[in-house]
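Undergrad: The structure's right below; bear with me while I get my questions together.
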Amino acid sequence: MNCFGFLGEEVSVEVHICSHSHLKGPYWSRKILFSNCYKSHMKLLFMHNTLSKNVLDDRREKGLATMKELLRQKTYQGALSKINSPLDPSFKLRQLNIDQCKFMDSKMRPLYLVFENLDEMGDFVRIIFKNGDDLRQDMLTLQLIKIMDRIWQNEGLDLGLCLTVITDPYYLYFHYSVFHLSSMIPYRCLSTGSSIGMIEVVYQAETLAKLQKTKGVTAAFGKDSIWDWLKIYNVTDESLSEAVERFTLSCAGYCVATYVLGVGDRHSDNIMVKKTGQLFHIDFGHILGNFKSKFGVRRERVPFVLSDQFVTVISEGKGKDTPQFERFRQICINAFLILRRKGPLLINLFVMMLSAGLPELRSLDDIGYLRKTLVLSLTEEEAVKDFQKKFDDALNNSWKTSANWLAHNLKRDNP
Numbered sequence: 001m002n003c004f005g006f007l008g009e010e011v012s013v014e015v016h017i018c019s020h021s022h023l024k025g026p027y028w029s030r031k032i033l034f035s036n037c038y039k040s041h042m043k044l045l046f047m048h049n050t051l052s053k054n055v056l057d058d059r060r061e062k063g064l065a066t067m068k069e070l071l072r073q074k075t076y077q078g079a080l081s082k083i084n085s086p087l088d089p090s091f092k093l094r095q096l097n098i099d100q101c102k103f104m105d106s107k108m109r110p111l112y113l114v115f116e117n118l119d120e121m122g123d124f125v126r127i128i129f130k131n132g133d134d135l136r137q138d139m140l141t142l143q144l145i146k147i148m149d150r151i152w153q154n155e156g157l158d159l160g161l162c163l164t165v166i167t168d169p170y171y172l173y174f175h176y177s178v179f180h181l182s183s184m185i186p187y188r189c190l191s192t193g194s195s196i197g198m199i200e201v202v203y204q205a206e207t208l209a210k211l212q213k214t215k216g217v218t219a220a221f222g223k224d225s226i227w228d229w230l231k232i233y234n235v236t237d238e239s240l241s242e243a244v245e246r247f248t249l250s251c252a253g254y255c256v257a258t259y260v261l262g263v264g265d266r267h268s269d270n271i272m273v274k275k276t277g278q279l280f281h282i283d284f285g286h287i288l289g290n291f292k293s294k295f296g297v298r299r300e301r302v303p304f305v306l307s308d309q310f311v312t313v314i315s316e317g318k319g320k321d322t323p324q325f326e327r328f329r330q331i332c333i334n335a336f337l338i339l340r341r342k343g344p345l346l347i348n349l350f351v352m353m354l355s356a357g358l359p360e361l362r363s364l365d366d367i368g369y370l371r372k373t374l375v376l377s378l379t380e381e382e383a384v385k386d387f388q389k390k391f392d393d394a395l396n397n398s399w400k401t402s403a404n405w406l407a408h409n410l411k412r413d414n415p
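Take the sequence shown: its position 120, counting from 1, is numbered 120 in the UniProt record's numbering, and each next residue is one higher.
As structure tokens, this is what we get:
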């Protein structure tokens with residue numbers, strides 16, 4: 001099962017919804033694998049439905065007690081022990097660490113499950129099982145980001161999109177023992193049914209909303225929340241410099257990727273930062289320019305998110321009139337031009353997915369948004385000038401992003 005199949009020598013990557021590992025081995029082993037995953041999936045679905053109907057409107061403590069009581073039952077223990085990871089069957093899960101399991105506070109109350117790794121040297125495997133959201137669009141967007149990363153690398157621009165991990169209250173996380181330190185982080189995501197699925201999470205990462213909360217109500221308009229947080233976990237000059245470089249590269253990649261793909265709903269809970277510096281976006285329920293609005297007013301009024309908080313980290317606290325930030329600007333321009341030269345490829349990939357019936361990809365008119373952002377009708381020189389205007393718009397109007405973040409933070413803390 002894959003969205004695009006083999007993309008040819010031009011990209012030289014095969015993009016999968018399910019890993020090739022699912023399809024390796026003899027028939028009997030594949031049958032056992034899928035059978036075990038199905039049993040685990042149905043148990044989780046039943047538990048989520050039970051909690052949703054009987055507990056989640058009650059006190060949180062009672063809900064947690066009910067959840068853990070269910071997980072201690074033999075039928076659950078049997079279905080959720082010694083199984084392959086649904087996202088990567090090469091990893092095996094020993095059993096649940098029930099004391100660390102919980103459900104999240106977001107609207108759909110996804111289940112946060114913590115497994116012991118069958119590899120005794122490996123870290124816990126953290127999984128969030130979500131019921132109520134169509135994750136197919138997330139899968140498509142994440143695969144496109146991986147393809148963009150491969151395109152950039154083939155052109156000598158390594159923004160390091162392909163680190164695999166994540167920590168978000170909306171999704172399913174897996175954290176394994178070894179990762180390469182690339183800068184951008186498209187995590188694994190698997191839709192397993194109608195509005196059911198799992199998402200991989202980056203461990204040791206926080207949302208911008210949480211970082212801002214520690215600084216007070218007005219922190220959404222501040223400049224130092226990310227920078228101060230990174231300095232806590234990168235105490236030496238060398239480690240802090242490496243974190244700034246990872247932040248700079250990943251921020252450039254996601255600025256360009258989210259702009260080209262028209263990713264919306266970029267509030268402070270949908271952008272995260274790792275302790276090692278990588279910035280990354282999550283939750284791609286709105287793409288191709290389908291931006292959310294309130295009372296007829298579009299909540300997001302900048303081409304992409306480039307806040308003063310980002311500028312502070314990139315410039316190491318020195319501001320936008322610095323060589324560091326000018327380098328960041330040039331990286332963004334180069335990344336945009338590289339994608340623009342591959343515009344027909346990106347458009348064809350979306351055309352191939354039209355028949356999937358995704359919520360925001362139903363006609364060629366939807367794909368027209370890519371032609372708009374890539375400005376394929378202009379010369380390259382004209383395209384550079386157009387993107388520079390978008391860049392300056394995002395930078396000079398970053399207060400609009402901060403206002404959106406503040407509104408989200410206030411609503412989140414006062415539901």
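Positions of the beta carbon are idealized from the N, C-alpha and C atoms, including for glycine.
Give the DSSP-derived three-state secondary structure of Val-375 in the structure shown.
TA: Correct three-state label for Val-375: coil.
Undergrad: From Leu-93 to Ser-85, what distance separates their C-alpha atoms?
TA: Their backbone Cα atoms lie some 7 Å apart in a straight line.
Undergrad: So is Glu-300 buried or exposed if we call it buried at 16+ other beta carbons inside 10 Å?
TA: When all chains shown are included, Glu-300 counts as buried.
Undergrad: Please report how far the alpha carbon of Tyr-187 lies from the alpha carbon of Ser-377, in whole angstroms.
TA: Computed Cα separation, rounded: 33 Å.
Undergrad: In chain order, what residues of the same chain have a beta carbon less than 8 Å from the beta carbon of Lys-82, not counting five sequence neighbours either side?
TA: For Lys-82, where only same-chain residues beyond five positions count, the Cβ hits under 8 Å are Lys-92, Leu-93, Arg-94, Gln-95 and Leu-118.
Undergrad: Any chance the segment 370-390 sits against the segment 252-271, with 3 or more Cβ pairs inside 8 Å?
TA: The segment 370-390 is in contact with the segment 252-271.
Undergrad: Could you tell me the alpha carbon to alpha carbon distance between Lys-68 and Asp-224, rounded to whole angstroms?
TA: Approximately 39 Å between the Cα atoms of the pair.
Undergrad: Would you mind working out which of Val-313, Phe-115 and Val-351 sits nearest residue 421, comparing C-alpha positions?
TA: This structure cannot speak to residue 421, because the chain is shown only from 1 to 415.
Undergrad: Where do the N-terminal and C-terminal ends of the beta strand (DSSP E) with Gln-95 fall, by residue?
TA: Counting along the chain, the beta strand (DSSP E) containing Gln-95 begins and ends at 92-96.
Undergrad: Is there contact here, the segment 141-151 with the segment 341-360, by at least three beta-carbon pairs under 8 Å?
TA: Flag = yes, the segment 141-151 and the segment 341-360 touch.
Undergrad: Looking at Ala-205: is its Cβ nearer than 8 Å to the Cβ of Lys-274?
TA: Yes, the Cβ-Cβ distance between Ala-205 and Lys-274 is below 8 Å.
Undergrad: How big is the Cα-Cα spacing for Arg-340 and Pro-359?
TA: Taking the straight line from one Cα to the other gives about 25 Å.
Undergrad: Measure the alpha-carbon distance for Lys-24 versus Pro-89 and round it to whole angstroms.
TA: Bear in mind that the predicted position of Lys-24 carries a pLDDT of just 41, short of 50, making it unreliable; the figure below should be weighed with that in mind. Their Cα atoms are separated by approximately 10 Å.
Undergrad: Glu-238: buried (16+ other C-beta within 10 angstroms of its C-beta) or exposed?
TA: Glu-238 should be labelled exposed.
Undergrad: Can you tell me whether Cys-189 is helix, strand or coil according to DSSP?
TA: Strand, per DSSP.
Undergrad: Name the residue from Ala-209, Cys-189 and Leu-71 whose alpha carbon lies nearest to the alpha carbon of Ala-407.
TA: Checked all of Ala-209, Cys-189 and Leu-71; the closest Cα to Ala-407 is Ala-209.
Undergrad: Nearest chain C C-beta to Leu-96 closer than 8 Å, yes or no?
TA: No chain C is present in this structure, which holds just one protein chain.
Undergrad: Going by other Cβ atoms of all chains shown within 10 Å of its Cβ, with 16 needed for buried, is Met-272 buried or exposed?
TA: Result: buried.
Undergrad: Does DSSP classify Glu-360 as helix, strand or coil?
TA: Coil at Glu-360, not helix or strand.
Undergrad: Do Asn-103 and Leu-51 have their C-beta atoms within less than 8 Å of each other?
TA: The displayed chain sequence assigns Phe, not Asn, to residue 103. Yes, the pair counts as a contact, with Cβ atoms nearer than the cut-off.
Undergrad: Is Glu-238 helix, strand or coil when you go by DSSP?
TA: Here Glu-238 sits in helix by DSSP.
Undergrad: Alpha carbon to alpha carbon, how far is Thr-164 from Glu-200?
TA: Annotation note: pLDDT 41 at Thr-164 (below 50); position unreliable, coordinate value reported separately. Whole-angstrom Cα-Cα distance: 8 Å.
Undergrad: For Met-214, count neighbouring Cβ atoms within 10 angstroms of its own Cβ and tell me buried if that reaches 16, exposed if not.
TA: Per the sequence presented here, residue 214 reads as Thr, with Met not at that position. Flag for Thr-214 reads exposed.
Undergrad: Pop quiz: Met-353 and Leu-140 are said to be a contact at Cβ under 8 Å. What is the actual Cβ separation, rounded to whole angstroms?
TA: Going by Cβ atoms, the distance from Met-353 to Leu-140 rounds to 6 Å, so yes, they are a contact pair.
Undergrad: Spatial neighbours of Lys-231 within its chain, please: CB distance less than 8 Å, with the 5 preceding and 5 following residues excluded, ordered by chain position.
TA: Cβ within range, chain order: Leu-240.
Undergrad: Indicate whether the contact test is met: 3 or more Cβ pairs, each with one atom in the segment 283-291 and one in the segment 121-139, closer than 8 Å.
TA: The segment 283-291 vs the segment 121-139: in contact.
Undergrad: Would you grab the beta carbon distance between residue 420 and Met-47 for me? Rounded to a whole angstrom, and I think it's under 8 Å.
TA: Shown here, the chain extends from 1 to 415; a query on residue 420 therefore has no answer.
Undergrad: Going by DSSP, which residues form a beta bridge with Lys-130?
TA: According to DSSP, Lys-130 bridges with Gly-197.
Undergrad: Report the residue from Ile-196, Ile-333 and Leu-80 whose alpha carbon sits nearest the alpha carbon of Ala-383.
TA: Ranking Ile-196, Ile-333 and Leu-80 by Cα distance to Ala-383 puts Ile-333 first.
Undergrad: Cβ of residue 425 within 8 Å of Cβ of Ala-79?
TA: Lying outside 1 to 415, the shown extent of the chain, residue 425 is not represented and no answer is given.
Undergrad: Return helix, strand or coil for Leu-410, following the three-state DSSP convention.
TA: Three-state DSSP puts Leu-410 in a helix.
Undergrad: Along the chain, which unbroken stretches of the beta strand (DSSP E) at least 3 residues long are found entirely within the segment 285-364?
TA: Within the segment 285-364, no complete beta strand (DSSP E) run reaches 3 residues.
Undergrad: According to the neighbour-count rule (16 or more other Cβ atoms, all chains shown, within 10 Å of its Cβ), is Asn-404 buried or exposed?
TA: Asn-404 should be labelled buried.
Undergrad: Could you spell out the range, first to last residue, of the alpha helix (DSSP H) harbouring Met-148?
TA: From DSSP, the alpha helix (DSSP H) with Met-148 extends over 136-154.
Undergrad: What are the start and end residues of the beta strand (DSSP E) that includes Ile-282?
TA: Note, Ile-282: premise wrong, no beta strand (DSSP E); not H, not E.
Undergrad: What are the start and end residues of the beta strand (DSSP E) that includes Ala-394?
TA: No beta strand (DSSP E) holds Ala-394; the alpha helix (DSSP H) holding it covers 380-396.
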